[in-house]
Amino acid sequence: MSTVLVTGGSRGIGRAICLAFVREGYDVAFTYEKSDAAAEETARLIRAEGREPLVFRCDSRDEHAVEKTVRSVFGLEVLVNNAGIALYKQIQDTSLQEWEDVFSVNAAGAFLFTKAALPKFFARGGGCVVNISSVWGETGASCEAAYSASKAALIGFTKAAAKELAPAGIRVNCLSVGFADTDMNARLSQQEKRDFLSEVPLGRACTPDEAAQAVLFLAKSKYITGEILRLNGGLFV
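In structure tokens form, the structure reads like this:
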């Protein structure tokens with residue numbers, strides 16, 4: 001039995017990842033933090049594919065909750081660290097608490113879930129971790145210093161973990177996503193979206209399904225580790 005655990009699986013890219021894996025024959029477990037309705041919709045869609053999901057309400061900043069969640073997942077083969085939050089503020093307006101909150105979810109959360117998954121991967125003789133980062137983690141974004149820095153940290157963690165865990169048969173890769181058509185960008189007006197996409201060579205946003213297929217590719221590619229796969233329409237090459 002092979003199971004994928006997707007953090008932040010109740011909507012957007014996380015939901016699409018859950019559905020991509022269930023269609024590949026995986027059992028699916030996912031976490032969410034806030035919206036019961038969104039989590040139930042993801043679960044309904046998974047059931048429509050003929051599988052019963054494991055659903056956990058879990059704060060990825062809570063080490064005890066993370067460990068309890070991972071212990072409850074059997075047959076774990078793939079961990080996708082997708083849960084994340086954004087913050088759109090200038091540096092001088094960003095409080096230390098806001099900075100730490102972004103890091104605690106985007107970077108520390110991925111660390112905690114990876115750490116908790118390792119005993120299962122060691123016992124299995126291998127496993128796979130895919131971290132979801134952002135183009136801003138590579139290039140930086142004005143008015144998104146905390147978010148950019150946290151996603152850059154996730155890229156550094158990916159590279160270090162890939163080297164450390166390869167002898168145990170555990171692969172660690174990262175998907176660096178550009179502008180995506182998700183709730184995280186809902187704050188932007190239609191004109192702001194058009195202005196941004198005019199800078200993207202392919203001229204459009206990434207869809208959640210495209211991100212999910214890229215994650216699936218990294219999970220299935222047995223000789224790829226430590227890779228940062230860019231899905232940004234040519235915005236950063």
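Per the UniProt record's numbering, the very first residue in the sequence shown carries number 1; after that it's consecutive. Note that CB positions come from ideal geometry on N, CA and C, so glycine has one too. In this text, all values refer to a predicted model and were calculated from it rather than measured experimentally.
- Here Thr-3 is bridged, per DSSP, to Asp-27, Leu-76.
- If you look at Leu-229, you'll find it isn't in any alpha helix (DSSP H); it sits in the beta strand (DSSP E) that goes 228 to 231.
- The residue among Gly-234, Ser-176, Lys-159, Lys-120 with its C-alpha nearest the C-alpha of Thr-3 is Lys-120.
- The Cβ-Cβ distance between Leu-218 and Asn-173 falls below 7 Å.
- For Leu-45, the enclosing alpha helix (DSSP H) stretches over residues 36 to 48.
- With a minimum length of 4 residues, the unbroken runs of alpha helix (DSSP H) contained wholly in the stretch 50 to 111 fall at 63 to 71, 96 to 103.
- Around the beta carbon of Glu-77, 16 or more other beta carbons sit within 10 angstroms, so the residue counts as buried.
- In this structure, Phe-236 lies near Thr-139, with their beta-carbon atoms less than 7 Å apart.
- Judged by beta-carbon spacing, Ala-214 lies within the 7 Å limit of Leu-231, meaning their Cβ atoms are closer than that value.
- For Gly-127, the secondary structure class from DSSP, reduced to helix, strand or coil, is strand.
- Inclusion of Thr-42 and Ser-72 in the CB contact set at 7 Å is not warranted, their separation being larger than that value.
- At the C-beta level, Ile-46 and Val-70 stay beyond 7 Å of one another.
- Close CB contacts of Val-177 within its chain, under the 8 Å cut and outside five residues either way in sequence, are with Ile-13, Ile-132, Ser-133, Ser-134, Val-135, Cys-206, Ala-211, Leu-231, Asn-232 (chain order).
- Between the stretch 190 to 197 and the stretch 139 to 155 there are fewer than three C-beta pairs closer than 8 Å, too few to call the two in contact.
- Remark: C-beta atoms of Thr-225 and Ala-160 do not approach each other more closely than 7 Å.
- By the neighbour-count definition (other C-beta atoms within 10 Å, threshold 16), Leu-96 is an exposed residue.
- Under DSSP, Asn-185 takes part in no beta bridge, so it has no partner.
- With distances taken between CA atoms, Asn-81 lies nearest to Val-105 out of Pro-53, Phe-74, Val-105, Ala-38.
- The C-beta distance from Arg-171 to Gly-109 rounds to 20 Å, too long to meet the 8 Å contact threshold.
- One Cα belongs to Ala-123, the other to His-64, and the distance between them is close to 21 Å.
- Classified as exposed, Tyr-223 has fewer than 16 neighbouring CB atoms from the shown chains inside 10 Å of its CB.
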